[in-house]
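What follows is a set of notes on a single structure, which appears directly below.
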Amino acid sequence: MAFGKRRDPDEDVTWTHVPVGRYVRGAMRLERRDDGLVQPYRFSAAQMETLDELGRAKRSVATAGITIDFVTDGDAISFECKVTRPLDQDNPTYDNVVRSLGQIGEAENGVLDGIDVMVGGHVFTLPAQTGTHRLEIDNPSHDDLEVVIYLPCIMSLAVGDLASTGQIRPAPQRDYLLALGDSITQGFVVGCPSQSWPARVARGLGLDMVNQAIAGYYFDVRTLVGMFRMRRHRPTLILVAYGTNDWAHKGSSKRIEADAKAYFDRLAKLFPGIPVYMLTPLWRGDVDEAMPSGKRLTWVAKMLRRQCKGRKGFKVIDGWAALPHDERLMADQRLHPNSIGTEILADNILDALLSQDDKVLERSIRYAAPVGAATSRPCVSESTDPSSDDVVDEPPEPDEVDPLARVDQETAARADAPTTHPDLDAVIRTIWRLRQPDGCPWDKVQTHASISKNMVEEAYEAVDAIEEGAPAHLSEELGDVLMQVLLHAQIADDDGEFSIDDIARQLDEKLVRRHPHVFGDHAEATSADEVAGIWSDVKLEERRDDTERSVGLLDDVPRALPALMEAQKVSKKAAACGFDWDSTAGVWDKVAEERGEFEAEASGSTPAAEEFGDILFALVNVARKEGIDAEAALRSSNTKFRNRWSAMEHMAAADERDISDLDRDKLEELWQRAKALEVRDPQTGVS
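Everything in the sequence shown is counted per the numbering used here, starting at 1232 for the first residue and increasing by one.
Here it is, written out as structure tokens:
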């Protein structure tokens, strides 16, 4: 297969376009610009705020580690691109690299940055510049090909729609490698972002990559704030290249070690059970120069080993031995590996990882989906010799890698399945705009807490519309409920906690997980009662698997529910464990007992109030035993009382009298007349 021929932009081609955002891998968040392009960020909003305080925001917006994956059977691809933050050509390192190496790879704009497009192991490096990039793939049989677009290591880009002359589908989902560190980890001065050592290591393990390295980075635990999204989609592996900025600039070795300890403590708390590998500093050309801390570079490696010792899941990779001590392997002849040095470094890191006796890592990467690159290395325990008699663990099919994707593909294949919802995207953007600096003064200052009561109020208004039986009114009220969801999601996204996409995916995962009788092969259900049993079993298993939450039986009943609803839910859960009366008559006896205790207390006292609550709780259990929804029953009675009282007011007004002036007997007369006016449903007997 040949690849890399530039397609004539004026050629008459029918393109299949898709929004690029759904294919981006390795971004913590995406921002849609006014020009329609998408700006990917490697850090959450909360992280960027912290990095701005530390003076590192400018170096943190670069797009290192961001890839765009898709599968196409077409013979050409196209995408829009806009440079939003160009290279700093005044930086001394830039001149050093230019003098040392000249042009790297096929990047047409110089040496430090390019856009790599990888198809089946073939890489073509495009200039990282504003414009439309179109590439032709010599694929006459229209084979299914995975395309990976690596965005630059240093500058920032916004990207537009992907286009192909054939179908476009999402590439197989893979787990993540989280890379942390400084400019060496960022792939600085390599020129081809696909060839940075974290990208090479990720491909070798069959993983996607999130690169959160920062040029000139000092290790500070505050940079790990706002990583909720990575906690929701936990990485398989964390690689920390502990660079030399702390050693080269901090004057106290005690401070260096204290900062390292705090950083590792936070990583362990954020990602319990995830393997963390520390790459000790590489050789530097100025290794013998005096540093403010007064410590040699070898001291940093010893300090890191001390900090990792005794930490479960933390291991050390010797960076000093991972790269030969030769300035010819450094792009700036001093610090940053060039393309050859990076290849050597990546290979040695992979060898170190795959030689570890790490069962968690082995289990995670063994079944990772292979990346479409010829440079991919074998996974642990797999044989690379086709003549070998050893059993080779075949990588799973894409639907085994991501069950959710398999379910969606099967559902989307149905003729009447819902497709796109542009109006939903539009309102999401509207909510986002309201929270922008030039947005609404009220919306910009809201927090989860400040609008929490609105969620309850809007939900009740939607219930009112349901009971009213007015579809148009219900549509409006459901829109108000949706607005609350979207506003909370945007507040969280602005704080780097989660996004509307996280909400949707988590809900989708829960629905699929809790309906194995629809989406799985291990359970069947032919009635609502059987479904309820399956649902309860799955929820119980979820509580057992959630190590961060209590597994108490009643813990998942929200305390903010209306009191009657809460009472019915907690009593139902207790009854499911056998804590229940034998019959409704037994509950009525309990009601009588609680009434006696209430009447024994002083009127208006706190004990009397508590006993009255016990009466209500007992009555809720009567409803439960009789299959009655206590909350709905009381709401129905409230509505009935409202209607009768309204009828009484109209009767009094017809007699030119104010209802507040009537005595008890007259009010009772009007009450009975109002009851007589009610029309009962002949089927249900309900007014």
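By construction, the Cβ of each residue, glycine as well, lies at the ideal position given by its N, Cα and C atoms.
Confirm, please, whether the CB-CB distance from residue j to residue i is below 8 Å.
i     : j     : result
T1361 : V1432 : no
L1318 : I1380 : no
L1409 : M1461 : yes
L1438 : L1411 : no
R1919 : L1581 : Residue 1919 cannot be examined here, being either before or after the span of the chain that is shown, 1232 to 1918.
I1487 : D1477 : yes
L1382 : I1445 : no
A1583 : M1534 : no
R1919 : R1260 : With the chain running from 1232 to 1918 in the structure shown, residue 1919 is simply not present.
I1722 : T1651 : no
V1456 : Q1278 : yes
G1825 : D1845 : The identity of residue 1825 in the sequence shown is Glu, whereas the question assumes Gly. Yes, these two residues count as a Cβ contact at 8 Å.
A1430 : F1310 : no
A1402 : L1366 : no
A1472 : R1542 : no
T1245 : Q1398 : no
L1470 : L1510 : yes
I1346 : A1359 : yes
G1351 : L1376 : yes
L1908 : A1884 : no
In the DSSP assignment, find the alpha helix (DSSP H) that holds residue i and state where it starts and stops.
i     : result
D1477 : 1476-1480
T1356 : Segment 1353-1357 is the beta strand (DSSP E) holding T1356; no alpha helix (DSSP H) there.
F1495 : 1484-1501
F1810 : Element bounds for F1810: n/a, residue is neither H nor E.
F1843 : 1837-1856
G1550 : 1550-1553
V1749 : 1747-1750
I1571 : 1570-1585
E1740 : 1731-1744
I1697 : 1683-1699
A1861 : 1861-1885
S1179 : Residue 1179 falls outside the range modelled here, since the chain spans only 1232 to 1918, and no answer is possible.
R1264 : That residue, R1264, is in no alpha helix (DSSP H); it is neither H nor E in DSSP.
I1195 : Outside the displayed range of the chain (1232 to 1918) lies residue 1195, so it cannot be described from this structure.
What does the Cβ neighbour count give for residue i, buried or exposed, with the cut at 16 atoms within 10 Å?
i     : result
V1302 : buried
C1423 : buried
V1645 : Strictly speaking, residue 1645 in this sequence is Arg, with Val absent from that position. With fewer than 16 Cβ atoms within 10 Å of its Cβ, R1645 is classed as exposed.
K1906 : exposed
H1881 : exposed
T1529 : exposed
Q1737 : exposed
A1599 : Its pLDDT being 42, under 50, A1599 is placed unreliably by the model, and the measurement read from it follows with that caveat. By the neighbour-count rule (16 or more Cβ atoms within 10 Å), A1599 is buried.
S1524 : buried
W1673 : exposed
N1322 : exposed
S1619 : Reliability of the predicted coordinates at S1619 is poor, the pLDDT of 29 falling under 50, and no value is obtained from them.
P1512 : buried
R1904 : exposed
H1719 : buried
R1790 : exposed
V1251 : buried
D1265 : exposed
Kindly indicate the opening and closing residues of the beta strand (DSSP E) around residue i.
i     : result
Q1270 : 1269-1272
V1378 : 1376-1381
G1362 : 1362-1369
M1440 : 1439-1442
S1180 : Coverage of the chain is limited to positions 1232 through 1918, which leaves residue 1180 absent and any answer about it impossible.
Y1508 : 1507-1510
V1299 : Per the sequence shown, the amino acid found at residue 1299 is Ile instead of Val. Counting along the chain, the beta strand (DSSP E) containing I1299 begins and ends at 1298-1303.
S1414 : Note, S1414: premise wrong, no beta strand (DSSP E); alpha helix (DSSP H) at 1414-1417.
L1455 : Where L1455 is concerned, there is no enclosing beta strand (DSSP E), given that its DSSP letter is neither H nor E.
D1922 : Since the first residue of the chain shown is 1232 and the last is 1918, residue 1922 is not available in this structure.
I'd like to confirm something about residue i: is its beta-carbon nearer than 7 Å to some heavy atom of the ligand HEM, or not?
i     : result
R1744 : The model depicted lacks the ligand HEM and carries no ligand whatsoever.
Between residue i and chain B, is any beta-carbon pair separated by less than 8 Å?
i     : result
R1565 : No chain B is part of this structure, which consists of one protein chain only.
Pairing CB atoms from the segment 1383-1395 with CB atoms from the segment 1264-1275, are three or more of them under 8 Å?
yes
Taking contact to mean 3 or more Cβ pairs, one atom from each stretch, closer than 8 Å, check whether the segment 1792-1799 and the segment 1828-1837 are in contact.
no
The segment 1695-1707 / the segment 1244-1259 touching (three or more Cβ pairs under 8 Å)
no
Counting Cβ pairs, one atom from each stretch, are 3 or more of them under 8 Å apart for the segment 1844-1853 and the segment 1811-1818?
yes
Below 8 Å, can you find three or more Cβ-Cβ pairs linking the segment 1742-1750 to the segment 1683-1691?
no
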